[in-house]
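Take a look at the structure set out below.
Residue numbers (this note's numbering), protein chains in the order written: chain A, 880 to 1004; chain B, 4 to 133.
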């Protein structure tokens, strides 16, 4: 489990969609409280790729990681700067389900107020 | 971990009733409550005071458990809290509680929510100052 956590953090930390893809089970679902929408593995990877296009630099701090009966919970703080020069600091909680060594579900919680600098640049018209 | 889920159910029951006295019996006196919206910590007194304030402004609410799972340190509760304030504002708040337990008592709660969802409730809690 620790290796999977490390690989996930590494993939997120480098915004590396190619490193993320092999960690996800077919049929994987990601749900985010900000939108209350679910997306599949392909959309999760595409989202990371989109973030990568708009993040100049970022540092991931792990506040806590703890195993659960279904996988693990990660509490992280992502601090960085967008390519537009806006600083951000986003505490986030990821509740992750794992089956047979692959991630089957991520429930992600964050505050839109903290994520707004990133969202604004990702979806700017 | 089964005991943790029983404690999770007791916490949920107390929160649903906004029963600060019941929550107090479940938490360690040294409890730390952290919330992402403020990124601040508070102790048990602060948590209970917030719950009492919420009880005063919420007319009706339901707590739906999206997911609950035991962890190596306690449990995780993912809830949807839907309700109406006494001034008639509706709210819908998905919230995640990462809870640490020691000796059968809750020692830490890390709470995550989205500020857009809590605005109706916050507005009344702060008397319109939010």
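C-beta: ideal position from N, C-alpha, C; glycine also. Keep in mind that this is a model prediction, so the values were computed, not measured.
**Message:** Which residues of the stretch 29-47 of chain B have a Cβ closer than 7 angstroms to any Cβ of chain E? Give them in chain order.
**Reply:** No chain E appears in this structure, whose protein chains are A and B.
**Prompt:** For the candidate residues 6/B, 12/B, 41/B, 34/B, whose alpha-carbon lies nearest to that of residue 968/A?
**Reply:** 41/B
**Prompt:** Can you give the Cα-Cα distance for residue 962/A and residue 996/A, rounded to whole angstroms?
**Reply:** 10 angstroms
**Request:** Determine the burial state of residue 65/B: buried for a count of at least 16 other Cβ atoms within 10 Å of its Cβ, exposed for fewer.
**Result:** exposed
**Asked** Which chain B residues are close to residue 954/A, counting only those with a beta carbon under 7 angstroms from its beta carbon?
**Response** 101, 113
**Prompt:** Which value, in whole angstroms, describes the spacing of the CA atoms of residue 1025/A and residue 899/A?
**Reply:** Given that chain A is displayed from residue 880 to residue 1004, the structure contains no residue 1025/A and the question cannot be resolved.
**Prompt:** How about residue 957/A: is its C-beta nearer than 8 angstroms to some C-beta of chain B?
**Reply:** no
**Asked** Secondary structure at residue 116/B, three-state DSSP: helix, strand or coil?
**Response** coil
**Request:** Step through the CB atoms of chain B and report whether any lies within less than 8 angstroms of the CB of residue 992/A.
**Result:** yes
**Request:** Count the other CB atoms, across all protein chains shown, that sit within 10 Å of the CB of residue 68/B; report buried if there are 16 or more and exposed otherwise.
**Result:** exposed
**Request:** Indicate whether at least one CB of chain A lies closer than 8 angstroms to the CB of residue 9/B.
**Result:** no
**Asked** Which value, in whole angstroms, describes the spacing of the CA atoms of residue 133/B and residue 978/A?
**Response** Its pLDDT being 42, under 50, residue 133/B is placed unreliably by the model, and the measurement read from it follows with that caveat. Their backbone Cα atoms lie some 43 angstroms apart in a straight line.
**Item:** Three-state secondary structure (DSSP) of residue 954/A
**Value:** strand
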